[in-house]
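Undergrad: Have a look at this one before I ask anything.
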Amino acid sequence: MLFTCYLGGDDVTIRDDVMAVLKGEVPERIPWLIYANLLPRGFIERKLREMGLGLAIGCSVYRIIRHNVTIEERIEGDYLYRIYRTPIGSSYEKYRVGLKRGTGDSWRVEYLIKSDKDYDIVEFIIEDMEYEPYYDEFLMIERDLGEDGVVFAWGDYTPLMKIIIELMGFRKFAIEIYRNPERIKELMKLIDEKERELYGIIAESPAEIVKVGDNIDSMLVSPEHFKEYCVPYYNAYAGILHGKGKIVMSHMDGRLRVLKDLIAQTKLDVIEAFTPPPMGDLTITEAKMAWKGKIIWINFPESTFVYEDKRLMEFTKELLREIAPGDGFILGITEDPPPEHFWRAMMVITRTLYRYGRYPIRL
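So that you can map any letter, position 219 of the sequence shown is 472 in the working numbering, and since no number is skipped, the others follow by simple counting.
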């Protein structure tokens, strides 16, 4: 038997409320979730979870088989080098490791595509990949989590964002999209072909929720590029996943004001990691108006963690007023808050949601 301490009705769990929101139904309480990897375990963590904080856990439902590519890793000081060796040449990416808490486990500082010759190598690496279903880990995590949150399946970045985030970085992309546009488009086409295979496998998985990349920010992706290089791929992958009844979301944690109308044109069910001011540039009220029919999974702005307690409580209450009565909203932590303020701020926010977060919100 699973025991879950929660603030909903006697038989309502955190998972029940999350799934109710995602399916367009009415929850007992506005769900309050945190990525599991952002929540250190311990005494205060237990107190927070007893007040209704749930976990969101991402998990792959596939494995990658590489037939003609080998990957080697070596560490030199605070840097990890990952070398990809292929029959036509080698390339490497470089990571800064050993970072302090709150900045992620590592940070990519050099990318696979550094010069023109690397395009052929990266294309070989992509073509050589074969995906196969692997659902065991997902089922195990879902079993272990029980009713204390939700597990979602990781997809991959859309082709444009994969190029920017994983393969060459924004600075080089900003040059290459004008210097070498046909090569960029060829690479995107190849990535897209592979990703359609991938999403076919994910669609057959036991996961109900699927995340399609992406870390969207209008400072990195202009409306023109978003319309041409993002919207069609969101809609294609969502079509594959919707065919098997999946709930599809994408991670959009940046400044979205100039993209809001284009985001509305996507077939995404959930705009995940939406970050309102003071970090984002689009208010909750504006997002509600722009994205009718979509679920908004809010990232609680991590810059507010430095606020003193009373100000943070008032900010939390004002956020609840903006989402009131609460239909179609999930509150969460999807980014890295400042560690020196983490526990204090989390306690203030969670206590405020404990008191005022029942649906419908009345403040």
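Even glycine gets a Cβ: it sits at the ideal position worked out from N, Cα and C.
Quick check on DSSP: helix, strand or coil for A309?
TA: Of the three classes helix, strand and coil, the one that applies to A309 here is strand, per DSSP.
Undergrad: Run through DSSP, which three-state label would I586 get?
TA: Strand, per DSSP.
Undergrad: Could you give the uninterrupted runs of the alpha helix (DSSP H) lying entirely in the stretch 288-345, keeping only those of 4 residues or more?
TA: 296-303, all fully within the stretch 288-345.
Undergrad: Can you list, in chain order, the residues of its chain with a C-beta nearer than 7 Å to that of A517? Leave out the 5 residues immediately preceding and following it.
TA: Excluding residues within five positions, the ones whose Cβ falls inside 7 Å are A543, W544.
Undergrad: Using 8 Å as the cut-off, can you tell me whether the stretch 370-384 makes contact with the stretch 404-412, which would need three or more C-beta pairs spanning the two stretches below that distance?
TA: In short, these stretches do not touch, since the Cβ pair count stays below three.
Undergrad: Determine the DSSP secondary structure at P592, reduced to helix, strand or coil.
TA: Helix.
Undergrad: Taking the beta carbon of I428 as the centre, do at least 16 other beta carbons fall within 10 Å, making it buried, or is it exposed?
TA: I428 should be labelled exposed.
Undergrad: Our contact map puts R338 next to E325 with C-beta atoms below 8 Å; I'd like the distance itself, whole angstroms only.
TA: The Cβ separation is near 7 Å, so the contact holds.
Undergrad: The alpha helix (DSSP H) spanning G453 covers which residue range?
TA: Looking at the DSSP string, the run of the alpha helix (DSSP H) that includes G453 is 434-456.
Undergrad: Could you say which of Y609, E457, P284 lies nearest to G498 if we only look at CA atoms?
TA: Nearest option by C-alpha distance: E457.
Undergrad: For I328 and Y334, I'd like the C-alpha separation in whole angstroms.
TA: Going from the Cα of I328 to the Cα of Y334 covers about 6 Å.
Undergrad: I614 and I576: beta carbons closer than 8 Å?
TA: Closer than 8 Å, so yes.
Undergrad: Can you give me the Cβ contacts of S313 inside the same chain, cut-off strictly under 6 Å, excluding the 5 residues immediately before and after it?
TA: Excluding positions up to five away in sequence, the list reads W407.
Undergrad: Below 8 Å, how does it come out for the stretch 506-521 and the stretch 486-497: are there three or more Cβ pairs, yes or no?
TA: Yes, they touch.
Undergrad: How would you label Y364, buried or exposed, when you count the other beta carbons within 10 angstroms and need 16 or more for buried?
TA: Y364 is buried by the Cβ-count criterion.
Undergrad: Looking at the structure shown, is I267 part of a helix, part of a strand, or coil, going by DSSP?
TA: If DSSP states are grouped into helix, strand and coil, I267 belongs with the helices.
Undergrad: If distances are taken between C-alpha atoms only, which option among K300, R396, E400, I287 comes closest to V265?
TA: Selected option, being the one with the closest Cα: E400.
Undergrad: Assess contact between the stretch 285-302 and the stretch 592-602, defined as three or more Cβ pairs (one per stretch) separated by less than 8 Å. Is contact present?
TA: Yes, they touch.
Undergrad: Can you tell which of Y387, I437, Y332 has the C-alpha that lies nearest to the C-alpha of E376?
TA: It is I437.
Undergrad: Among residues of its own chain, excluding the 5 on either side of L306, which ones have a beta-carbon nearer than 7 Å to its beta-carbon?
TA: W285, I287, T603.
Undergrad: In whole angstroms, what is the alpha-carbon distance linking E346 and I336?
TA: Each residue's Cα considered, the two are about 7 Å apart.
Undergrad: Reducing DSSP to helix, strand and coil, say where C258 ends up.
TA: Note that C258 scores 49 on pLDDT, short of 50, meaning its location in the model is unreliable and no value can be drawn from it.
Undergrad: Shortest alpha-carbon distance to P340 belongs to which of I374, G311, S368?
TA: For the residues I374, G311, S368, the minimum Cα distance to P340 belongs to I374.
Undergrad: In chain order, what are the residue ranges of uninterrupted alpha helix (DSSP H) at least 4 long that sit wholly in the stretch 476-528?
TA: Taking only runs of at least 4 residues, the alpha helix (DSSP H) segments lying wholly in the stretch 476-528 are 476-482, 484-495, 513-517.
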